[in-house]
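Only one structure is covered here, and it is reproduced in the block below.
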Amino acid sequence: MKPATFDYLRPASATEAIDALGTHPDSKILAGGQSLIPMMNMRLARPAVLVDIGAIAELQGIAADGSLRIGATTRQSDVLAHPAVRRRWPLVAAALRHVGHPATRARGTVGGTIAHGEPAAEVPAVMLALDATFTVQARGGTRPVAADAFFLGHYTTVLDDDELLTSVEVPDTGAAHWGFAEVARRHGDYALTGAAVRLRTDDDGVVTDARVALFAVAARPLRSAAAEERLLGSRLGDAGAAGDAGQVALTDVGDDTVADDSFVSATYRREATAAMVRRAVLEAATNPRGEA
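Residue numbering for the sequence shown follows our numbering, starting at 9 and increasing by one per position.
Here you go:
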């Protein structure tokens, strides 16, 4: 299929892009296009105007001095290949290896996969696990948004129609352990369920801080407070605690409903989620952060 007719704008700055969004209410941001263009081809999305931000230099780049700052239109492949990311934020690199294929990562952007709001995407869940902050810009200025407040539902975020995600900041995780696990029908497909885990321990290997983020289970990525609480005070690598964390991971999803779709049942998704949490927690015992 072909997309419906649309107009095309290519602003030279973030300010111009935001002005274009405000001037054209029925517009969409085009970053890497790996999600939007297929949706347009299938006429699931029919924007009147595409605002292409791919050439805006101020939205590109990686800085790893203290925290990790990623410009919104930075290619996923560039982040994955960055030595500081692989060494100091390996959970980000682990997630990106599961995003599509090399060809799609060469075009897809980090900001694009976050702003798109796909609940089965890996990067948003990792940003939850790492306590990331997103910078959002509008005509009136910028505002920071914590990752755990950004995602609202299927393809829905806190971004207003005239707002632009400009950058992502991930704090230094210190000597944290990490784990990542997902199950998909084929490598490169969206996950059927998955978990991203970050653990901090004391000198005796006892967990003092835990983050467990889930994706592809509900309408948005979620943190599991129940799983995190179960891991606190446990010893790193404790199989019993890892299994318990998996079993309770979806007990506190609140108003979010575990998805039952054409791919798998909600029952399968619950059981697979428990297994992915257990796997990610046990993997964290062997995955400390490398030295800077």
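Glycine residues also receive a C-beta, built at the ideal position from the N, C-alpha and C atoms.
It should be emphasised that the depicted structure is a prediction, and the values quoted were computed from it without experimental measurement.
Chain-order list of residues whose beta-carbon lies under 7 Å from that of residue i (same chain, five-residue window excluded)
i    : result
E299 : In this prediction, E299 scores a pLDDT of 46, lower than 50, which makes its location untrustworthy; the coordinate-derived value is nonetheless stated afterwards. Counting only Cβ-Cβ distances below 7 Å, and skipping sequence neighbours, we find nothing.
I45  : none
M47  : A53
A128 : Y198, A199, F223, A224
L99  : V134, A137, L138, W186, F188, A204, R206
P296 : A183, H185
G241 : V214, V215
K10  : N49
Beta-carbon proximity of residue i to residue j, cut-off 9 Å
i    : j    : result
L167 : T143 : no
E130 : F188 : yes
I78  : V118 : yes
Y198 : A192 : yes
L136 : L230 : yes
A12  : I61  : no
A92  : I70  : yes
G120 : Y163 : no
S21  : A80  : no
A257 : L290 : no
A235 : V285 : yes
K308 : P55  : Given that the chain is displayed from residue 9 to residue 300, the structure contains no residue 308 and the question cannot be resolved.
DSSP beta-bridge partners of residue i
i    : result
F223 : G202
K36  : L58
S175 : G79, T143
I70  : I78
W186 : R206
P296 : H185
L304 : The structure shown does not extend to residue 304, since the chain spans only 9 to 300, so no value can be given for it.
G149 : A146
L44  : Partner(s): none; L44 has no beta bridge.
T165 : F159
R231 : A221
Residues near residue i in its chain [Cβ-Cβ closer than 6 Å; skip 5 each side]
i    : result
G116 : G40, Q42, Q84
R208 : A184, T216, D217
Top-ranked residue by Cα proximity to residue i, from the options
i    : options                : result
D252 : S232, Y16, R113        : S232
A133 : A25, A28, R228         : R228
H195 : A89, A282, H106, D268  : H106
D139 : L240, A221, V225, G248 : A221
D269 : L200, E66, A101        : L200
T275 : R243, V225, Y163       : V225
V153 : H162, E171, E237, D34  : E171
T23  : A155, A101, H32, Q145  : Q145
L67  : S75, V59, L58, T82     : T82
Cβ-heavy atom distance, residue i to the ligand MG, below 8 Å
i    : result
L138 : Among the components of this structure there are no ligands whatsoever, and the ligand MG is therefore not found.
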